[in-house]
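S.K.: Positions in the first sequence are counted from 1; adding 8 to them yields my numbering.
A virtual CB, placed ideally from N, CA and C, is assigned to each residue, including glycine.
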Amino acid sequence: MSANHIMEYSINTIKSLEAKWQKYWDESKIFHAHEDPSKKKYYVLEMYPYPSGKLHMGHVRNYTIGDVLARFWRMQGRNVLYPIGFDSFGLPAENAAIKNNEDPKAWTEKRMEEMVRQMKKIGLSYDWSRYLYSHSPEYYKWNQWIFIQMFKNGLVYKKKSLVNWDPVDKTVLANEQVIDGKGWRSGAEVEKKEIEQWFIKITAFAEELLNDLEKLEDWPERVKTMQRNWIGKSYGTLIKFDVVDEKGKRIDMIETFTTRPDTVFGIEYVVAAAEHPKVKEWTKGTKKEKEVNTFIEKVSKESLIERMEEGKEKNGVALGVHAINPVNKKKIPLWAADYVLMDYGTGIVMAVPAHDQRDFLFAKKYKLPITVVIHPDDVGAGSPRPNTEGAETAPVQAAFVDVGIMVNSDLFNGIRSDEAIDKMSVWIEKQGFGKRTVTYRLKDWLISRQRYWGTPIPIYYDDKGVPQPIPEEELPVELPNDIEFGKGNPLETSKSFKYYVDKKTGKKYRRETDTMDTFFDSSWYYIRYTDLNIKAPFDKNKANYWMPVDQYIGGIEHAILHLLYARFFNKFFKKIGLIQYDEPFKRLLTQGMVLLHGEVMSKSKGNIVDPDEMVEKFGTDSLRLFMLFAAPPEDQLEWNDKAIEGAWRFLNRIWQLAEERYKAAVDKIDSADLDEADKDMERLRNATIKKITDDIKNYKFNTAISSMMILMNHVDKYRTDSVTKQVVLNRTIKDVVVLLSPIAPHMCEELWQSMGNKEESIIRAGWPRYDEAALKADTFELVVQVNGKLRSRIKVASDISPKALEPIVLSDESVQKFIDGKPVKKFIYVPGKLANIVV
RNA sequence: GGGCAAGUGGUGGAAUGGCAUACACGCAGGACUUAAAAUCCUGUGGCCGUAAGGCUGUGAGGGUUCGACUCCCUCCUUGCCCACCA
């Protein structure tokens, strides 16, 4: 039986106060954001989730980081927008529908509900009045509107082309959704199919998307590099070749793209992608036709994986026609081969066997000549020494791809090949053989999907079969319910959807039955949060107030896909005058994964730690604290059952401290009453405020927490036996509770209230300030080194001059021992830190 | 093949030119307890030493510097991205 009335920080206490404060936050609407031009805004956003069913630890980590930042910036006095929603269109809902005969909408909404419940349970401070989900017609209506604006601006087109086909999910995929030749969702080997599809001309913004990466100072370098690689800008030269038939008659002209114009005198053949339409054209009616067609068919049957296989032998067929190399008028054979990509450059390549490894292997296999035009030479040392000795000898093992000296290249002989790239391209341009150009790896974004659970593409086909946009006042084009799954494209099975009826004429037209890639939805949802009710995709003024997102948080897996598409939408909106800013996300944090025993948690592996269970056992504040303390947010986080107990223990210590040692006292101190211990306490309190403030701004939560622990360790040793000391302690306790409140909000609200703050939530408490002057100490411990090795520590006055310091240091006993009578060569003093004596 | 990031105790990690291993987890010993849990205290890189103390130590090797986990060069390992991209 204890006379102690103090509540214990037990799991029962935790549960009741979590429920209490979550109810208060909800009912007081304290997290609802309102536009206020007089206040500086701060927009915190996590990538909105797919409604997969339950929150996993990765979600919890992501949202905890966001929540701490949202709470922190609110306490800094910013007007914070912190909303959440769901990326609720997508294949899993539809696949479940097919498998279990469920309604995709009901399936999705059930999962959303469950996840919202969990989000509330971990105390996330979202503005629930701005809750959004992409399958609502009020949302996807604006997808359709944006699509039509792009259509009107010439950024949307329909084209028959060779596309990626996922045979399991039975839909086409964008290039970005094909990973190592497999569908990103199904994992099926992707096939190539020629189908008519809708594309968005993202390539029109390639240059801007690339250049503006420079402006994103607060993005991880890694993500920017990945985007740069994906856009893949390369400088090169287009070279024109005349095509002649067997009799030498000029029948055509082609262009090839090269980054190595320095090798043009070594061209031995020209090679087109097997799928290139010219290949059939040139061989039609010739004796080569049959052989060539057989080859094309063979290549087209291969899957993407087979074609990309490492070390795969290159195959080709001679077309019987020839090209004329413009630089030396040499007649060279034209080939078709499986190693040339149709969708990069012009789909036709000039081949230089001596200086390109692929061309080399191909030439060896088909016994084509090899002419050396760059001679290996030690170009690094001194001036180039023309050396053509042995130049006629073809390389035996491999192509020579390094820098060397030009040979067999007419007026370019003798110069360095890297210099020749520029000189040669200028010359080619002057002679009219071609022109310098830029090529991108980025391709247009294929957005049509032959699936149901997505935004219908708002298009109908007129009498001539020309696509026309649905009139804007008739949007949204809603998803029908009378569909059948499992019979190809579901929308084609709907009787109500199939035809568009012109309101004026009553005429029926065939509708487009494809839906949009769900990445279309997620490319602009963050602007929609600024106003969910407006009869437009968003309100210009509100968007320009809240946007750009100040802090965006999500997984690295979106480094290319989502983040590139969203940046593209931003550029488009700016172009049509809807917004004023250049980039949608100012700062980006890509959080690391949560692992168990070194492996990613996954249902299939059965190594899941359930957030609900942890909240049940330790409370959400402990869970949040653990996740932030265990690793920096960008790093992988290894789950540790014991360490979460440690988090609870730390919270318990603070709870005990505030409950037992916080005593009402008049907060007034005469500085003359402060002894050394009090001054130390005050110094550490101020230093901790500074450290935590700086750390949270840079999301170094782990070190912020550790500095709080250091302060607590100090407080435990601090004895309070006078009114002055009690005041010093009170200040410290108060600051600890406020500083910790973004991380452990439930406990801190409770303590704040029990410390006598009855009216206001701790969210309105204001962030503690520190006094720069209080950080300075009168003395400090100087580290003394002899020849760079630590030998002694001496307590000296903070403002001591090097001159006054030197004799003190030199007379130190252990310093003397290591100087050992040798003359002092140098005395280095780093003020406030260290002295080094060189002997 | 090209590019980027990282490598520190038994573990998670701290220090970005100035005391290597803060803080925490774990472990060991002790206090309290009839006992246990909880809590509190002490210790905890390696080697030598009873100790005081010394030597050594941040993937390997070299360099710059009074001084290097930190900067530079070479290499090794791991992770990620791109890749028959002409």
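Alpha carbons only, please: which of Val88, Met261, Thr264, Ala345 is nearest the one belonging to Thr302?
M.R.: Looking up residue 302 in the first sequence gives position 294. The shortest C-alpha separation from Thr302 is found at Ala345.
S.K.: With distances taken from CA atoms, which of Arg459, Val623, Phe580, Met524 is nearest Gly496?
M.R.: Within the first sequence, the letter at position 488 stands for residue 496. The shortest Cα separation from Gly496 among Arg459, Val623, Phe580, Met524 belongs to Arg459.
S.K.: Are the beta-carbon atoms belonging to Phe441 and Ile247 less than 7 Å from one another?
M.R.: In the first sequence, the residue the question calls residue 441 occupies position 433. In the first sequence, the residue the question calls residue 247 occupies position 239. Yes.
S.K.: Just to confirm, are Tyr560 and Ile239 a CB contact at a threshold of 7 Å?
M.R.: The residue given as residue 560 occupies position 552 in the first sequence. The residue given as residue 239 occupies position 231 in the first sequence. For Tyr560 and Ile239, no; Cβs fall outside 7 Å.
S.K.: Exposed or buried, which one is Leu633 when buried takes at least 16 other CB atoms within 10 Å?
M.R.: Taking the first sequence and counting its residues from 1, the one referred to as residue 633 is at position 625. Residue burial is scored here from C-beta neighbours: Leu633 has at least 16 other C-beta atoms within 10 angstroms and is therefore classed as buried.
S.K.: For Leu349, is the classification buried or exposed, using 16 other Cβ atoms within 10 angstroms of its Cβ as the cut-off for buried?
M.R.: The residue given as residue 349 occupies position 341 in the first sequence. Looking at its Cβ environment, which holds fewer than 16 other Cβ atoms inside 10 Å, Leu349 is exposed.
S.K.: Report yes or no: do three or more beta-carbon pairs, one from the region 48 to 61 and one from the region 85 to 103, lie closer than 8 Å?
M.R.: yes
S.K.: Can you tell me whether DSSP reads Thr463 as helix, strand or coil?
M.R.: For the purposes of this step, residue 463 is taken as the residue at position 455 of the first sequence. In this structure, Thr463 counts as coil in the three-state DSSP scheme.
S.K.: Using beta-carbon positions only, say whether Ser800 and Asp828 come within less than 7 Å of one another.
M.R.: Your numbering for residue 800 matches position 792 in the first sequence. Your numbering for residue 828 matches position 820 in the first sequence. Not a contact, by the Cβ cut-off of 7 Å.
S.K.: Put Tyr50 into one of helix, strand or coil per three-state DSSP.
M.R.: To locate residue 50, count along the first sequence from 1; it is residue 42. Tyr50 falls in the strand class under three-state DSSP.
S.K.: From the DSSP output, read off the bridge partner residues of Pro477.
M.R.: As a position in the first sequence, residue 477 is number 469, starting the count at 1. As DSSP reads the structure, Pro477 sits in a beta bridge with Ile467.
S.K.: Check whether the region 733 to 743 and the region 660 to 671 touch, using three or more Cβ-Cβ pairs below 8 Å as the test.
M.R.: yes
S.K.: With DSSP as the reference, label Gln559 as helix, strand or coil.
M.R.: Translated into positions along the first sequence, residue 559 becomes position 551. Here Gln559 sits in strand by DSSP.
S.K.: Per the contact definition of three or more C-beta pairs closer than 8 Å, is the region 626 to 642 in contact with the region 261 to 272?
M.R.: no
S.K.: Inspect the beta-carbon positions of Lys178 and Glu204 and report whether they are closer than 7 Å.
M.R.: Against the first sequence, residue 178 aligns to sequence position 170. Against the first sequence, residue 204 aligns to sequence position 196. No, they are not a contact pair.
S.K.: Among Thr711, Asn795, His722, Phe207, which has the Cα closest to the Cα of Met689?
M.R.: Along the first sequence, read from residue 1 onward, the residue named residue 689 stands at position 681. Of Thr711, Asn795, His722, Phe207, the residue nearest in Cα terms is His722.
S.K.: Roughly how many angstroms separate the alpha carbons of Ser530 and His570, rounded to a whole number?
M.R.: Reading the first sequence from its first residue, position 522 is the one you call residue 530. Reading the first sequence from its first residue, position 562 is the one you call residue 570. Distance between Ser530 and His570, taken at the CA atoms: about 7 Å.
S.K.: Evaluate contact between the region 273 to 289 and the region 411 to 422, counting only Cβ atoms and requiring at least three cross-stretch pairs below 8 Å.
M.R.: Yes: the two stretches touch, three or more of their Cβ pairs being nearer than 8 Å.
S.K.: Determine the extent of the beta strand (DSSP E) in which Thr848 is found, giving its start and end residues.
M.R.: No statement about residue 848 is possible, as the shown extent of the chain runs from 9 to 847 and does not include it.
S.K.: For Ser714, does the three-state DSSP call read helix, strand or coil?
M.R.: Position 706 of the first sequence holds residue 714. Reduced to three states, the DSSP call for Ser714 is helix.
S.K.: Between Lys625 and Lys28, what straight-line distance do the alpha-carbon atoms span, to the nearest angstrom?
M.R.: Sequence index remark: in the first sequence, residue 625 carries index 617 (1-based). Sequence index remark: in the first sequence, residue 28 carries index 20 (1-based). Roughly 18 Å between the two C-alpha positions.
S.K.: Helix, strand or coil for Gln734, going by three-state DSSP, please let me know.
M.R.: Looking up residue 734 in the first sequence gives position 726. DSSP places Gln734 in helix when its eight states are reduced to three.
S.K.: Report the residue from Asn108, Ile19, Ser133, Lys550 whose alpha carbon sits nearest the alpha carbon of Ile38.
M.R.: Looking up residue 38 in the first sequence gives position 30. Checking every option, the nearest Cα to that of Ile38 belongs to Ser133.
S.K.: Just mark Glu850 as buried or exposed, buried being the case when its beta carbon has 16 or more other beta carbons within 10 Å.
M.R.: What is shown of the chain runs 9 to 847, which leaves residue 850 out entirely.
S.K.: Does Lys733 pass the burial test, meaning 16 or more other C-beta atoms within 10 Å, or should it be called exposed?
M.R.: As a position in the first sequence, residue 733 is number 725, starting the count at 1. Result: buried.
S.K.: Please report how far the alpha carbon of Lys825 lies from the alpha carbon of Asn765, in whole angstroms.
M.R.: The residue given as residue 825 occupies position 817 in the first sequence. The residue given as residue 765 occupies position 757 in the first sequence. Cα to Cα, the separation comes out at about 59 Å.
S.K.: If you drop the 5 nearest sequence neighbours on each side, which residues of the same chain put their C-beta closer than 7 Å to that of Tyr837?
M.R.: Taking the first sequence and counting its residues from 1, one reaches residue 837 at position 829. Taken in chain order, the residues that qualify are Pro810, Leu813, Ala843.
S.K.: Decide yes or no for the touch test of the region 759 to 773 against the region 707 to 725: beta carbon pairs closer than 8 Å, at least 3 of them.
M.R.: With the cut-off at 8 Å, the region 759 to 773 and the region 707 to 725 do not touch.
S.K.: On the premise that Ile92 lies in contact with Met127, defined as a C-beta separation below 8 Å, what is that separation, rounded to the nearest angstrom?
M.R.: The count along the first sequence starts at 1 and reaches residue 127 at position 119. The count along the first sequence starts at 1 and reaches residue 92 at position 84. The pair is a contact, with the Cβ atoms about 7 Å apart (cut-off 8 Å).
S.K.: If I follow the unbroken beta strand (DSSP E) through Ser425, where does it start and stop?
M.R.: By one-based count along the first sequence, residue 425 stands at place 417. From DSSP, Ser425 is part of no beta strand (DSSP E) but of the alpha helix (DSSP H) over 425 to 439.
S.K.: Does DSSP classify Ala843 as helix, strand or coil?
M.R.: What you label residue 843 is simply residue 835 of the first sequence in a count that begins at 1. The answer is strand: DSSP assigns Ala843 an E or B state.
S.K.: Assign Gly398 to buried or exposed, taking buried as 16 or more other Cβ atoms, counted over all protein chains shown, within 10 Å of its Cβ.
M.R.: Locating residue 398 in the first sequence gives position 390, where the first residue counts as 1. Reliability of the predicted coordinates at Gly398 is poor, the pLDDT of 47 falling under 50, and no value is obtained from them.
S.K.: Quick one: which unbroken alpha helix (DSSP H) runs of 4-plus residues sit fully inside the region 328 to 396? Chain order, please.
M.R.: 365 to 373
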